[in-house]
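With UniProt numbering, letter number 231 in the sequence shown gets 231, and the count goes up by one each step, no holes. Read the structure below first, then the notes.
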Amino acid sequence: MGIERTLSDRKGKNFCELPEEKITNSKSRKKNRRRHKKAAPPVQKLFDTCKDVFVSDGVGIVPPPQHIQNLQSVLDGIKPEDVGLTPDMPYFLTNVEQRIPRITYLHIYECEKFSIGIFCLPPSGVIPLHNHPGMTVFSKLLFGTMHIKSYDWVVDLPANSSTTLKPSESLASETQLAKVKVDADFTAPCNPSILYPADGGNLHCFTAVTACAVLDVLGPPYSDPDGRHCTYYLNHPFSRFSVDGISIPEEEKNGYEWLQERVLPDDVEVVGHLYSGPKIVEN
1 MGIERTLSDR KGKNFCELPE EKITNSKSRK KNRRRHKKAA PPVQKLFDTC KDVFVSDGVG
61 IVPPPQHIQN LQSVLDGIKP EDVGLTPDMP YFLTNVEQRI PRITYLHIYE CEKFSIGIFC
121 LPPSGVIPLH NHPGMTVFSK LLFGTMHIKS YDWVVDLPAN SSTTLKPSES LASETQLAKV
181 KVDADFTAPC NPSILYPADG GNLHCFTAVT ACAVLDVLGP PYSDPDGRHC TYYLNHPFSR
241 FSVDGISIPE EEKNGYEWLQ ERVLPDDVEV VGHLYSGPKI VEN
């Protein structure tokens, strides 16, 4: 049944007597309203894309390349105002009464397959070196300048290698060799970074050069019951320790460091805060 017949039945004969031009204009306006239907907010598009990308919650499963490109493209288009942030908000200001810069985490969404959130760092704020076990991580710097240092584990050590410490050196816990992947400043706008379970800089540290915000997508998210613990590390220069069977050319030694497990340092304060940007609709 066409729209003209439906309205005629409802409104009576007078509708049929309307000039053809008015009927046509009415139809055009309705079509234009459908055509100009309000687009979903960028954060909603991000959520919908994550549902497609992280179809599996398995540890160490990397999404297909096309899915990765899609999510990277969506993140690339997100701006601070799309998530309700401006650089003058209290999250990004240094309080003289605080002994250390306070980092704020804005939780947006989390399920078994992925999580979305934003880290807000005032100047000199630090997210210490940590890992992402079995996870694929997308990070988008929304504004500001941040120094990022990231590592990948060196996994091709000889099976019989053992750590030989120099005199007066001792280790409180297991130490592993890692290769430096990135050690540089990044200023928004810049491309989103991607960390994979075994490469791409799965372990990283963030240091705010200026006030900045980082939008993070993790798939799957951390989960202590599932063995995906967030572990923190101290870094030591390669020259501090020697290992049997490991030989690295002198000019490359700065590209390797020893990472030693540690507890979350006392000079780091991370607090949670309610996300106040556009809401996500689960459909």
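Backbone N, C-alpha and C fix where the C-beta goes; we use that ideal spot for every residue, glycine too. In this text the structure is predicted, and so the values were computed from the model without any measurement.
| Item | Value |
| --- | --- |
| The stretch 242–257 contacting the stretch 118–129, beta-carbon criterion three pairs below 8 Å | no |
| Reduced DSSP secondary structure (H/G/I, E/B, other) of I108 | strand |
| Endpoints, beta strand (DSSP E) assigned at F119 | 115–121 |
| Length of the line joining the Cα atoms of R35 and T94 | The pLDDT assigned to R35 is 48, lower than 50, so where the model puts this residue is not dependable; a value taken from the coordinates is nonetheless given after this. Going by the C-alpha atoms only, they are around 46 Å apart. |
| Cβ-based burial, K279 [other Cβ within 10 Å; buried from 16] | exposed |
| Boundaries of the alpha helix (DSSP H) in which L71 is found, first to last residue | 65–76 |
| Burial state of N131, where buried means 16 or more other Cβ atoms lie within 10 Å | buried |
| Cβ-based burial, H204 [other Cβ within 10 Å; buried from 16] | buried |
| Among E112, G277, K181, E257, the one whose alpha carbon lies nearest that of V59 | E112 |
| Proximity test, Cβ basis, 9 Å: T49 and chain D | The structure shown contains no chain D, having only a single protein chain. |
| Residues bridged to L259 (per DSSP) | Q176, N235 |
| Distance between beta carbons of S150 and G201, contact taken as under 8 Å | 3 Å |
| Beta-carbon gap between Y233 and L259 smaller than 9 Å | yes |
| Length of the line joining the Cα atoms of E174 and P101 | 30 Å |
| Beta-carbon proximity of P221 to S115, cut-off 9 Å | yes |
| Separation of Q98 from D199, as counted between CA atoms | 36 Å |
| C50, enclosing alpha helix (DSSP H) - first and last residue | 42–53 |
| Contacting residues, own chain, Cβ-Cβ under 7 Å from T210 (five flanking each side not counted) | P123, G144, T145 |
| Cβ separation of G77 and R228, assumed to be a contact under 8 Å, to the nearest whole Å | No, G77 and R228 are not in contact; Cβ-Cβ is about 29 Å, not under 8 Å. |
| Terminal residues of the beta strand (DSSP E) in which C212 lies | 212–219 |
| Buried versus exposed call for A39 [16 or more other C-beta atoms within 10 Å across all chains shown] | exposed |
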